[in-house]
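Position in the sequence shown (from 1) plus 557 gives the number in our numbering.
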Amino acid sequence: MTKTINIKLNKRFYSLAGVVLALIAAVIFSLVYFGVYNVSALTGHTTPVYKFLEHARIQAVDARVDEQVPDLTLFDWQRSGLKNYQRHCIACHGAPGVAPEPFSLGMMPPPSAIVRVAGQRSPAELYWVIENGIKMSGMPAWKYRLTQEELWELVALVKVLPTLSKAEYAQLADHNFAIEGVESVLANQQDETAIMQSSLAEPRATQALSGQVAMQQYNCSSCHVIDGIASASYHVGPPLNNMVNRRFIAGTLPTTRENLIQWIMDPPHFKPQSLMPNLRVKRNHAEAMVDYLYEIADEK
């Protein structure tokens with residue numbers, strides 16, 4: 558008798574819970590569908606939305622992070638790490654005594670204060686975020702632009718930043734700037750070689766997937782419809798789903814694998830009047846993109 562009562566109570570509980578969840582989903586859908594929720598960055602997120610996004614970010618990173626961390630003292634954070642931080646990170650996150658750029662102050666959600674991030678997050682978590690980026694936050698993924706060593710250099714620097722005074726950071730930055738002025742050409746060549754070697758080390762079997770991700774990272778879907786990549790509804794360029802079966806690329810080059818690679822790397826070189834800009838796509842990334850274009854193409 559008691560068991561029967563418990564079963565009935567459990568059924569009622571789950572039914573009630575289902576109704577409540579359905580009502581919550583209906584309310585959220587209505588807020589979005591009828592434009593009730595204001596997406597203006599001037600108003601900011603409501604506290605529930607902000608907390609939801611923050612919790613989702615924390616849980617997602619914790620579920621995927623690799624806790625194996627190398628010795629951070631072995632990485633050149635004073636020079637290479639600082640160079641990349643000033644080139645890619647300081648505009649949004651600032652530094653000791655250095656304010657972020659004005660555009661980042663209006664981002665929503667705002668970029669995290671670097672001192673807080675360094676104190677709250679482990680090196681493994683910082684590495685994952687820098688490598689993979691965070692959706693809906695403005696934080697880009699640097700996996701396709703920096704080597705693994707450069708990523709760890711940034712992690713090492715971020716962990717040190719909270720310990721630096723304004724004067725110490727300024728002195729380190731000035732010293733680094735002076736050295737970079739002398740070695741800039743050589744450094745750029747070394748960076749390009751390192752990135753190329755790192756990317757080419759990937760197994761060939763992963764290239765198709767990497768091509769899809771590369772197209773996302775170079776923002777190809779902002780102008781083109783591409784199978785497998787979600788994007789905005791309106792595009793200024795032609796769809797790429799059957800690009801490899803067209804006779805010519807932009808009416809200029811015969812469509813071959815090599816020509817597609819060359820076109821992706823530098824469109825204005827082949828067609829100066831083209832609206833497609835030079836995105837500085839590295840060759841190994843262009844090769845991966847073309848592999849993906851062949852994968853999604855219709856068979857002739």
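C-beta: ideal position from N, C-alpha, C; glycine also. If you're wondering where the values come from, they're calculated on a predicted model, not measured in any experiment.
Extent of the continuous alpha helix (DSSP H) run through Glu658: Element bounds for Glu658: n/a, residue is neither H nor E.
Alpha-carbon spacing of Gly690 relative to Ile585, whole angstroms: 27 angstroms
For my contact list, Glu710 and Asp633 are in at a C-beta cut-off of 8 angstroms; report their separation, rounded to the angstrom. 6 angstroms
Among Pro627, Ala617, Ser694, whose alpha-carbon lies nearest the alpha-carbon of His650? Ser694
Report the three-state DSSP secondary structure of Pro627 (helix, strand or coil). coil
Note down the Cα distance separating Ala574 from Ile581, rounded to an integer number of angstroms. 11 angstroms
For Ala652, the three-state DSSP class (helix, strand or coil): strand
Which first and last residues belong to the alpha helix (DSSP H) in which Leu610 is found? 604 to 621
Please say whether Val715 and Ala675 have beta carbons closer to each other than 7 angstroms? yes
4 or more residues per run - each alpha helix (DSSP H) lying fully within the stretch 664 to 722: 671 to 677, 680 to 689, 705 to 717
Closest residue to Pro680 among Asp628, Ala727, His826, Ala854 (Cα-Cα distance): Asp628
Do you know offhand how far Ser722's Cα is from Pro667's? 24 angstroms
Starting from Pro829, trace the alpha helix (DSSP H) in both directions and tell me its first and last residue. Unbroken run through Pro829: none, as it is neither H nor E.
Any contact of the stretch 837 to 845 with the stretch 818 to 825, i.e. 3+ C-beta pairs under 8 angstroms? yes
Among all the DSSP beta bridges, which residues are the ones paired with Ile806? Leu810
Let me know if His781 comes out buried or exposed under the rule of 16 or more other beta-carbons within 10 Å of its beta-carbon. buried
Hey, how far is the Cα of Leu743 from the Cα of Tyr607? At Leu743, the pLDDT of 49 sits below 50, so the modelled position is not reliable and the matter cannot be decided from this model.
Taking C-beta to C-beta, are Lys828 and Ala854 nearer than 7 angstroms? no
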